[in-house]
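If you count by the working numbering, then the sequence shown holds residues 59 to 257, one letter each, in order.
The C-beta atom is built at its ideal place from N, Cα and C for all residues, glycine as well.
Please read the structure below before turning to the comments.
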Amino acid sequence: RLVGSEMCIRDSYCDCPIIKNEIINRKKVSSQGFGATHKLAIAMVMNEIEENLGFDKIRFPPEKSIYLSLLKESKLHTNENGKWSFKKPQESKDPCKFNKVWKRIDLFLKTTEQQAHSLVTLNKELIAPPFGVKEGILPILYFAVMLTYKHELAVFENRNYIASFTEEQVSRFLKRPDEFTVQQFRIEGLNQSIFEAYS
């Protein structure tokens with residue numbers, strides 16, 4: 059049972075998703091954690107449509123444990139009609155969900171329709187109350203956002219458009235996310251079908 063200061067902390071961070079993974083659920087990620095994040099991010103962009111992002115079913119390296127506790131547990135990566143993909147979280151009162159944090163990111167993305175901005179401008183706000191997201195989680199969360207909205211979100215590196223991430227760009231994003239910006243645009247109906255066909 060929460061008492062005293064513990065209750066105050068929980069109330070202050072009432073919109074904080076619960077992530078049971080000590081590798082990345084920390085303010086400063088270790089070199090092992092960074093390496094695991096790097097491997098996970100590459101799997102996210104290269105193997106999105108594969109179950110468990112293509113990770114081996116028997117072995118459990120750190121990047122797979124992060125995937126299971128952060129992306130699969132929260133259903134940010136899920137199987138829908140036989141197809142694995144990244145999805146925005148559903149409305150839920152479950153504290154492990156990201157719906158409150160995701161809503162804030164959605165509001166931010168609306169501000170990019172006229173001009174591209176970097177996702178890292180959200181860092182201070184998402185780390186602070188009421189969200190309390192640890193820094194180690196943010197890059198993985200941002201990749202999940204960019205992949206979820208890949209048909210309506212343009213990504214730029216130093217103002218150069220990125221059609222899809224390469225392994226080198228993944229590495230650079232993890233090291234210098236401030237050099238990447240996003241801009242939201244909306245396509246619907248026939249235009250969306252044409253866009254998906256060309257993609």
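Which of helix, strand or coil DSSP assigns to residue i
{"i": "ILE107", "result": "coil"}
{"i": "GLN242", "result": "strand"}
{"i": "PHE144", "result": "strand"}
{"i": "TYR219", "result": "strand"}
{"i": "LEU126", "result": "helix"}
{"i": "LYS78", "result": "coil"}
{"i": "HIS96", "result": "helix"}
{"i": "GLU121", "result": "helix"}
{"i": "VAL138", "result": "The identity of residue 138 in the sequence shown is Glu, whereas the question assumes Val. Reduced to three states, the DSSP call for GLU138 is strand."}
{"i": "PHE201", "result": "helix"}
{"i": "PHE189", "result": "coil"}
{"i": "PHE113", "result": "coil"}
{"i": "ARG334", "result": "Examination of residue 334 is not possible in this model, given that the chain is present from 59 through 257 alone."}
{"i": "GLU225", "result": "helix"}
{"i": "GLU194", "result": "Per the sequence shown, the amino acid found at residue 194 is Gly instead of Glu. Three-state DSSP puts GLY194 in coil, outside helix and strand."}
{"i": "SER132", "result": "coil"}
{"i": "SER70", "result": "helix"}
{"i": "SER89", "result": "helix"}
{"i": "VAL61", "result": "Unreliable positioning characterises VAL61 in this predicted model, as indicated by a pLDDT of 46, which lies under 50. The coordinate reading is nonetheless provided below. The answer is coil: DSSP assigns VAL61 none of H, G, I, E or B."}
{"i": "LEU248", "result": "With a pLDDT of only 49 at LEU248, under the threshold of 50, the placement of this residue in the model should not be trusted, and no figure is reported."}
Minimum C-alpha distance to residue i - residue among the options
{"i": "LYS208", "options": "LEU232, LYS158 and LYS145", "result": "LYS145"}
{"i": "LYS78", "options": "ASP114, ASN181 and ILE195", "result": "ILE195"}
{"i": "GLU106", "options": "PRO188, ARG117 and VAL203", "result": "VAL203"}
{"i": "GLY93", "options": "GLU138, CYS72 and LYS122", "result": "LYS122"}
{"i": "PHE189", "options": "GLN90, LEU177, TYR219 and LYS155", "result": "LYS155"}
{"i": "TYR125", "options": "ARG117, ILE116 and HIS135", "result": "HIS135"}
{"i": "ILE76", "options": "GLN90, GLU131 and ALA186", "result": "GLU131"}
{"i": "THR264", "options": "GLN242, THR95, ASN83 and ILE116", "result": "Past the boundaries of the shown model lies residue 264; the chain is included only from 59 to 257, so the question cannot be answered."}
{"i": "PHE201", "options": "SER143, ARG244 and LEU165", "result": "SER143"}
{"i": "ARG234", "options": "ARG244, SER222, PHE214 and LYS158", "result": "PHE214"}
{"i": "LEU129", "options": "ILE220, ARG162, LYS161 and THR95", "result": "THR95"}
{"i": "SER127", "options": "ALA221, TYR219 and ILE198", "result": "ILE198"}
{"i": "GLU225", "options": "THR179, LYS97 and LEU180", "result": "LYS97"}
Counterpart residues of residue i in DSSP-defined beta bridges
{"i": "HIS209", "result": "Note: HIS209 sits in no beta bridge, so no partner."}
{"i": "PHE214", "result": "TYR219 and THR239"}
Proximity test, residue i beta-carbon vs the ligand ZN heavy atom, cut-off 7 Å
{"i": "GLU121", "result": "As presented, the structure is devoid of all ligands, the ligand ZN included, so that no description of it is given."}
Practice task
Indicate whether the contact test is met: 3 or more Cβ pairs, each with one atom in the region 99-117 and one in the region 162-172, closer than 8 Å.
Solution key: Short answer: they don't touch.
Problem - Inter-stretch contact (C-beta, 8 Å, three-pair minimum) for the region 108-117 and the region 222-232 - result: Judged by Cβ distances under 8 Å, the region 108-117 makes no contact with the region 222-232, as fewer than three pairs qualify.
Exercise for the section: Report the residue ranges of all alpha helix (DSSP H) runs contained in full by the region 147-187; include only those spanning at least 4 residues, in chain order. Expected result: You should have 157-168 and 181-185.
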